[in-house]
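Trainee: Quick one: the structure is below, questions incoming.
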Amino acid sequence: MSSLSLFVIIILYLGILFFLAFIAEKRATSKWVNNPYIYTLSLAVYCSAWTYYGSVGVAATTGISFLAIYLGPVIAAPFWILILRKIIRISKQHKISSIADFISLRYGNNRLLGALITIVCVLGTVPYIALQLKAISETFEIMTHSVSIEKTKVFSDYTIYIALLIAVFATFFGTQKTDASEKHKGIVASVAFESIIKLLFFLIVGIYVTFFLFGGTEDIYNQISSSANITEITTMNGFENGFNWFFTILLSFFAIFLLPRQFQVSVVENNREKHLKKAIWLFPLYLLLFNLFVVFIAWGGLITFGNSNNSEYFTLLLPLQHGNYFLASLVFIGGFSAVISMVVVSTLALSTMVSNNLIIPYGFLDKFSRNQNDKNARYIKGIRRVSIFVIIIASYYFYFYFSVPLSLYSIGLVSFVIISQLAPSFFLGLFWNRGSSKGAIFGLIVGFLVTLYTLVIPVSISAFTNSDYFVNQGLFGINFLKPYSLFGLDFLSPHAHATFWSLFFNGITLAVISLSGKGNYRERNYAEMFIDTRNYSKLGDSALVWKGEAYVADIKNVLTKFLGLARTERALSLFFRKYDLPPDTQMADARLINFSEKLLTGSIGSASSKILIANVVKEEEISLVEVLQILDESKEALASNKALNEKTNELTQLTSELQSANQELIFQYKQKDEFLDTVAHELKTPLTSIKASAEILQDDFDEMPAELRNKFMGNIEQEVDRLSRLVNHILDIEKLEHNRAKLILKPTNMLNTIEKVTRNLSQLAKEKNILFEIEDVSSVIALYDEDRIIQVLTNLVSNSIKFSDKPKGKISFSFSQKEDILEVYIEDNSKGIPENDKNHVFDKFYQSENQNTLKPSGSGLGLAISKQIVQKHGGEIWLEKTNNEGSIFVFSLPFN
Amino acid sequence: MLFFGLKQLYLFLMKKRHEQKLIVLAIVLVATFNIPLILLFDSQQSIWGFPAVYFYVFSIWLSSILISYFILKRHYE
């Protein structure tokens, strides 16, 4: 394959990534970008070219030890539920944007510690990025030249261009905002995509080698079994290697938390805490899949090529050997993906650290406090952009001048040992509240120096000068200073040996120095916040103890320089509202100081923001004891406040319940009153009439003609009937309303019931020339109390008869049966019910105004009783429709 | 109200307990992946083409994935 066409493929692939990242950035809130799978895949940035090519190399030469690099993360994953969740919570709360920020904040915003961590991270990562560039350059050569290549020092122009393109990508999507704690959705989405690509292509080539070039796993194993060093590459190879194995696992365990790129994707880019829960099992699965075919590719390579010194590139060489250029290109793209994602995320993380923890706090603070907001934002972004390019170019030079003689695996391990120097201050800081910044700084320096002496220097010397003098004789020829067997510890591999001694001295120094002096109150304050996350996150901004004199105006002034006026004012007004302070507050308190420091942290780092805020306020020294006391008090206050709040809520609820009960009672009382009023009135009318008739009869009985007398007697009888009906109705409705009426429910045919009603009313209907029509159905069975429903129907039908005014009246019954409800429709062609009566027809004693002319025979309770009866059956009754043409009444009954 | 409080407390403790299951799993992984246990499986035999020690490591690895999957699925979803 010509180098130009391969370069074109690379450019096309980068174009796809640009496009993808651009889309993701645009749709930053879409579900496609924010889900636990994207999160898990972005964690797979762990698998760089080291995994993609290096693992096979190790599997072919030293055997199982490559697996240890993935077992650390597998062990770490279940711990995430405790540790990583805690880290994410703290980081979100404090707007932390890098591991340097995280650790330096824990030790009281210590500027020097943040800077040292940055330096260690840069020194640990630059060789690692160089390793990636080396992989690109070498695979590029393999793809474009012949199968058998010698490692040359020929300068491949393409590598630098590719490196620069990656830098452009990282710059474009990584430095759009000044606040580095903001998410970089574009980069994360592209990393997730690349994680799919690299795994997929690696699996494809694994399956190709195992099942197409060879006859499956057992075939490869049987063929390799006859080779000479079979024991070496298929077993643990002895007890000493067990220790090396343990230390490699330990290194990778630390790396999954501490590598700047891992911190970036797992903490800074974490959208939701709950995504972690999927990652805990899915990420180990990803790693398992990645490692499944490594040994078979390695052995397949060994069988095919013999003991080649190109074993790292068996993945690429095997398909090429068999003329499968397409597959080889896929493998190349997969490896390229692994490289890009690692380089982009690492440089992004490092550039944030370099700007926020090294350059800004040490060089630009004075300048920034004089500048205006937009100028500052330009500077901050500028620093990060330049850092990205400088880091990548530095890595390129490292690769070009130093890394050629070293294998991918050995460079990777050196990087891991350097990064692991952050482990003591990081992990002890999370769980031990007395670790001090002084201890952390000295521990880090000592650990780093030990790493230099036991690993970096001897590796470099033997790689470049080919002299073993230093390794074999030690410093000044002193035996127990031999770098690979310090103090005579001679059975560990160089990296395990360096890991042990560096972490040992690092941890001891941290512990001893931390315990040898009284702690600083500010450090202790942050320590408590980090260790007791649960309680302190509830305290919010009051978690920082601060005493002194500060003006809101001064702080606002500082904030404006970085956030701009609009954002500052919005943030402050939010703050005042949150703590219920008047918006024109003059004096700032501890909460505002803490709040402002957090606001600035994302843009300029925690140490710088502390310094800038400290410049404009006057702080009083407080003693450690006082700080702890205040913190305890506020925690207690919070707890009692919580209990008080609960009590208050309970009381409020009770009060509102009481209130509504009271209102209900008042309402019922009024109703009773009105009812009594109406009843008295209704009773009075017939009584008056009876009394009048009786008086007339008494006075003029003898003189009255018999005819008239009879008429008065009839009148009395009629009124007594009406009276008794009224009393009966009143008793009835009272019974129904107070649940004293028992329903006798039986499955009954509604047709029969209607038949009975129409028979009873047939005389009345005939008088008004009204016809009954019943829908033609075989039977309508429902469960109800027939006597009661007859009452309802009689009420409805007699009303219809009463208001019928057409020459030919009609009353029709129809039914509808829905799921478990029977509806009975009674439709007539009467004159209808006036508009303003519609809503009241079911009220007690409601009688239409325009029937007053002729005092009706009704009691005014008929429909009210009907409503009660239907409701007692669990149904409803309503007026479906009414106009000049007629009305439709409906009642419903549930089947059971 | 009292019932509500008890239920919250119960849920809270449950959560903590299942977190601890994961922690125990991680500690067991530390032990099983390392010496001395791993040396018990360090032999010349092979299963399906995997040397014994590889087979051992991959099986522990896979079971840890399944265990954490079930712990998380049952108690958080």
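The listed protein sequences correspond, in order, to chains A and B. Quick note on our numbering: the first sequence kicks off at 88 and runs consecutively. Quick note on our numbering: the second sequence kicks off at 29 and runs consecutively. Glycine included, each C-beta is placed from N, C-alpha and C at the ideal position.
Note down, one range per segment and in chain order, each beta strand (DSSP E) of at least 3 residues found wholly within the region 575-609 of chain A.
Mentor: The region 575-609 of chain A contains no whole beta strand (DSSP E) run of 3 or more residues.
Trainee: At what residue ranges does the region 311-382 of chain A contain a whole run of the alpha helix (DSSP H), taking only runs of 4 or more?
Mentor: With a minimum length of 4 residues, the continuous alpha helix (DSSP H) runs that stay inside the region 311-382 of chain A are 317-321, 326-345, 347-350 and 362-379.
Trainee: Is there contact here, the region 825-835 of chain A with the region 866-884 of chain A, by at least three beta-carbon pairs under 8 Å?
Mentor: Enough Cβ pairs lie closer than 8 Å, so yes.
Trainee: Determine, using beta-carbon pairs with one atom in the region 412-429 of chain A and one in the region 211-227 of chain A, whether at least three such pairs fall under 8 Å.
Mentor: Counting Cβ pairs under 8 Å, three or more are found: they touch.
Trainee: Once DSSP output is grouped into helix, strand and coil, what is the label at Ser235/A?
Mentor: With a pLDDT of 39 at Ser235/A, under the threshold of 50, the modelled position of this residue cannot be trusted; read the value that follows with caution. Of the three classes helix, strand and coil, the one that applies to Ser235/A here is coil, per DSSP.
Trainee: What residues are listed by DSSP as bridge partners for Phe976/A?
Mentor: Answer by DSSP bridge pairing, in chain order: Ile913/A and Leu966/A.
Trainee: Quick one, are the C-beta atoms of Asp676/A and Asn443/A less than 8 Å apart?
Mentor: No; because the gap between Cβ atoms is not below 8 Å, this pair is not in contact.
Trainee: Please tell me whether Leu65/B has its Cβ less than 8 Å away from any Cβ of chain A.
Mentor: Answer no: the Cβ-Cβ gap between Leu65/B and chain A never drops below 8 Å.
Trainee: Give the DSSP bridge partners of Phe902/A, in chain order.
Mentor: Paired residues: Val911/A.
Trainee: Confirm, please, whether the CB-CB distance from Val213/A to Ile467/A is below 8 Å.
Mentor: No, the pair does not count as a contact, with Cβ atoms beyond the cut-off.
Trainee: Give me the Cα-Cα distance between Arg3/B and Val143/A, rounded to the nearest whole angstrom.
Mentor: The question about residue 3/B has no answer here: the residues shown for chain B are numbered 29 through 105.
Trainee: Assign Gln955/A to buried or exposed, taking buried as 16 or more other Cβ atoms, counted over all protein chains shown, within 10 Å of its Cβ.
Mentor: With 16 or more other Cβ atoms within 10 Å, it is buried.
Trainee: For Leu50/B, which residues in chain A fall below 9 Å Cβ to Cβ?
Mentor: Ala164, Pro165, Phe166, Trp167, Ile168, Leu169 and Ile367, listed in chain order.
Trainee: Go to Asn121/A, then tell me how far its beta strand (DSSP E) extends in each direction, as first and last residue.
Mentor: Careful: Asn121/A lies outside any beta strand (DSSP E) and carries neither H nor E.
Trainee: Would you say His271/A and Glu327/A are within 8 Å of each other, going by their C-beta atoms?
Mentor: Taking 8 Å as the Cβ cut-off, His271/A and Glu327/A do not qualify as a contacting pair.
Trainee: Are Gln508/A and Gly534/A close, meaning C-beta to C-beta below 8 Å?
Mentor: Contact: yes.
Trainee: Using CA atoms only, rank isn't needed, just tell me which of Phe69/B, Gln48/B, Val56/B and Arg45/B is closest to Ser91/B.
Mentor: Among Phe69/B, Gln48/B, Val56/B and Arg45/B, the Cα nearest to that of Ser91/B is on Val56/B.
Trainee: Which stretch, first to last residue, makes up the alpha helix (DSSP H) that contains Ile284/A?
Mentor: Start and end: Lys272 to Ile294.
Trainee: How is the beta strand (DSSP E) around Glu860/A delimited, first residue to last?
Mentor: Glu860/A -> beta strand (DSSP E) spans Ile857 to Ile861.
Trainee: Bridge partners of Met674/A, per DSSP?
Mentor: Bridge partners of Met674/A: Tyr638/A.
Trainee: Can you check which of these residues, Tyr488/A, Ile505/A, Arg609/A and Leu573/A, is closest to Ala550/A by C-alpha distance?
Mentor: Comparing Cα-Cα distances from Ala550/A to each of Tyr488/A, Ile505/A, Arg609/A and Leu573/A, the minimum goes to Tyr488/A.
Trainee: Thinking just about the alpha-carbon of each residue, which of Leu687/A, Ala385/A and Phe166/A is nearest to the one in Phe340/A?
Mentor: For the residues Leu687/A, Ala385/A and Phe166/A, the minimum Cα distance to Phe340/A belongs to Phe166/A.
Trainee: Kindly indicate which three-state DSSP category Lys853/A falls into: helix, strand or coil?
Mentor: Residue state, collapsed to three classes: helix.
Trainee: Taking 8 Å as the threshold (beta carbon to beta carbon), is Tyr97/B in contact with chain A?
Mentor: Yes - at least one Cβ of chain A is within 8 Å of the one on Tyr97/B.
Trainee: For Ile480/A, which of Ile532/A, Leu251/A, Leu715/A and Asp641/A has the nearest alpha-carbon?
Mentor: Selected option, being the one with the closest Cα: Leu251/A.
Trainee: Taking any Cβ of chain B, which residues in the region 949-974 of chain A have a Cβ under 9 Å from it, in chain order?
Mentor: So nothing in the stretch comes that close.
Trainee: Checking 8 Å against the spacing of the C-beta atoms, do Gly195/A and Tyr613/A come in under that value?
Mentor: Against a cut-off of 8 Å, the Cβ pair of Tyr613/A and Gly195/A comes out as a contact.
Trainee: Taking Cβ positions only, does Val296/A come closer than 8 Å to chain B?
Mentor: No, Val296/A lies away from the interface with chain B (no Cβ there is under 8 Å from its Cβ).
Trainee: On the DSSP letters alone, give me the boundaries of the beta strand (DSSP E) that Tyr871/A sits inside.
Mentor: First-last of the beta strand (DSSP E) with Tyr871/A: Ile868 to Tyr871.
Trainee: Looking at the secondary structure, which residues open and close the alpha helix (DSSP H) in which Asn836/A lies?
Mentor: Here Asn836/A belongs to no alpha helix (DSSP H); instead the beta strand (DSSP E) covers Lys833 to Asn836.
Trainee: If Ser433/A and Arg348/A are in contact, beta carbons under 8 Å, what's the gap, nearest whole angstrom?
Mentor: The pair is a contact, with the Cβ atoms about 4 Å apart (cut-off 8 Å).
Trainee: Can you tell me whether DSSP reads Ile1038/A as helix, strand or coil?
Mentor: Within the shown structure, residues of chain A are numbered from 88 to 983, placing residue 1038/A beyond reach of any answer.
Trainee: Would a C-beta distance cut-off of 8 Å place Ala342/A and Phe476/A closer than the cut-off?
Mentor: Cβ distance not < 8 Å, so Ala342/A and Phe476/A don't count as in contact.
Trainee: In or out: Ile93/B buried (at least 16 other Cβ within 10 Å) or exposed?
Mentor: With 16 or more other Cβ atoms within 10 Å, it is buried.
Trainee: Is the beta carbon of Ala658/A sitting closer than 8 Å to the one on Leu650/A?
Mentor: Yes, the pair counts as a contact, with Cβ atoms nearer than the cut-off.
Trainee: Can you name the start and end residues of the alpha helix (DSSP H) that Ser693/A belongs to?
Mentor: Note, Ser693/A: alpha helix (DSSP H), Ser693 to Val703.
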